[in-house]
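**Q**
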Amino acid sequence: MKRIMTVFGTRPEAVKMAPLIRALKNDEELDPIVVVTAQHREMLDSVLQTFKLTPDYDLNIMKPNQSLSEITANILSQLDKVFDEAQPDMVLVHGDTMSTFAGSLAALYKEIPIGHVEAGLRTWDKHSPFPEEMNRQMVGVMADINFAPTQKAAENLVEENKPKESIVITGNTAIDAMNYTLSDNYQSEVITKHSGQKVILLTAHRRENIGEPMANIFEAVREIADQYKDITIVYPVHKNPKVRELAQHYLSHHERIELIEPLEVADFHNFANQAYLILTDSGGVQEEMPSLGKPVLVLRDTTERPEGVEAGTLKIVGTAKNYIVEELSKLIDHEDAYQSMAKANNPYGDGLASSRIVGHIKYYFGLTNSKPRPFSS
């Protein structure tokens, strides 16, 4: 039996790793070991509860105002001891967080094979998103198996001269997770409260947007709420104190803008399923919403998820106030523009990514002679 360790620390990682952990647990030849760094303590715990996951090791690294260097050093030193005790045969990391980078580096130092879930996403700009772009590029150098979610992600890895035999196209586990969270019977007090309104769901938290870019976003949102009496903006405000301060300054005291606490993952997915459209600077939301048929306006200047832009489900609008207002107004005023985005194809997955990843892990260790068929959008 091969011991497969997953290392993650943030809410988005937990959402996307949860279905994979469940798939590992369901295989008799693999023994999953769950390690959380708790880079996001409170938001991580809620996801673990949703998916009924209990970590085998909890590093609990979260401290107020810690630097990226401190996060990395703390994870490295603690994982050293965990690896010695648990003796994993492979370490799986996800995406592009500090936990991802530090987990990979710690595994490299112990000469443990590394599997990178959601590998190959690129903007080619080391400052956008920061520090995520460089985290995923550096993990790509260390990884023994690159689980690319899409053909484009796989092509990025080939362009970087990664061995083709190390790259497998799986689809995105974010879609797998939604198989567990969506409910036809979901009811929301907020949605009910604004019955008859077109509810726009806003998420904004990225480090590089904090400051003037986020102020521009919030000013645009407030202008839309002023302009359209049938529109309500709902914003689950991120826990970051700087984000909360900006949100209160620009968005409070408006009858059609509601600031709420961050939603649990199941609530977020179901809430989004009932919303009119999505405004976001989140990477994961860009992947999830196309499967719900929701237009997504991306509040960033770049995206490492160009498949959604090419498919027509996403549109990059940046952080310039006037352009955000213009593009939002188009979708509100013109049904054909709205429908062209809402009905575009989902390029990100079919709900089977986790089973493909498990199959490739077994192939890597010689536990099976056949590779799973790759995902094709």
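For the sequence shown, position 334 (counting from the first letter as 1) is numbered 334 according to the UniProt record's numbering, and the numbering increases by one without interruption. We treat Cβ as the ideally placed atom computed from N, Cα and C, and that holds for glycine.
#1: For Q197, which option in E307, Q274 and H205 has the closest C-alpha, if you only look at C-alpha atoms?
#2: According to DSSP, is K371 part of a helix, a strand, or is it coil?
#3: Under a Cβ-count criterion, where at least 16 other Cβ atoms within 10 Å of its own Cβ denotes burial, should Y109 be classed as buried or exposed?
#4: Could you pull the start and end residues of the beta strand (DSSP E) that I112 belongs to?
#5: Relative to the C-alpha of V82, which candidate in P306, I224, G103 and N65 has its C-alpha closest?
#6: With a 10 Å radius around its C-beta and 16 neighbouring C-beta atoms as the bar for buried, classify P149 as buried or exposed.
#7: With DSSP run on the structure shown, which of helix, strand or coil describes I210?
#8: When the Cα atoms are used, what is the spatial distance from Q285 to S370?
#9: Who are K242's beta bridge partners in DSSP?
#10: Is the beta carbon of Y338 sitting closer than 8 Å to the one on L331?
#11: Locate the alpha helix (DSSP H) running through E159, then write down its first and last residues.
#12: At what residues does the beta strand (DSSP E) containing E258 begin and finish?
#13: Helix, strand or coil for F271? Go by DSSP, reduced to three states.
#14: Excluding sequence positions up to five away, which residues of its chain have a Cβ less than 6 Å from the Cβ of M43?
#15: Grouping DSSP H, G and I as helix and E and B as strand, with all else coil, what is P64?
#16: Can you have a look at residue 394 and say buried or exposed, based on whether 16 or more other CB atoms are within 10 angstroms of its CB?
#17: Is the CB-CB distance between R136 and L157 below 8 Å?
**A** Judging by the given coordinates:
#1: Q274 is the residue among E307, Q274 and H205 whose C-alpha sits nearest the C-alpha of Q197.
#2: Here K371 sits in coil by DSSP.
#3: Note on Y109: under 16 other CB atoms within 10 angstroms of its CB, so exposed under the neighbour-count rule.
#4: Segment: none, I112 is in no beta strand (DSSP E) and carries neither H nor E.
#5: Selection P306, I224, G103 and N65 evaluated against V82 yields G103 as nearest (Cα-Cα).
#6: So P149 ends up on the buried side.
#7: Note: I210 maps to coil in three-state DSSP.
#8: As written in the sequence, residue 285 is Val, which differs from the Gln given in the question. As the crow flies, the alpha-carbon of V285 is around 33 Å from that of S370.
#9: None; K242 has no bridge partner.
#10: Taking 8 Å as the Cβ cut-off, Y338 and L331 qualify as a contacting pair.
#11: Judged by DSSP secondary structure, E159 falls within the alpha helix (DSSP H) whose first and last residues are Q151 to E159.
#12: E258 -> beta strand (DSSP E) spans I257 to I260.
#13: Of the three classes helix, strand and coil, the one that applies to F271 here is helix, per DSSP.
#14: Contacts found: R11.
#15: Residue state, collapsed to three classes: coil.
#16: An answer regarding residue 394 cannot be provided, because it is not within the stretch 1 to 377 covered by the chain.
#17: Judged by their CB atoms, R136 and L157 are not nearer to each other than the 8 Å cut-off.
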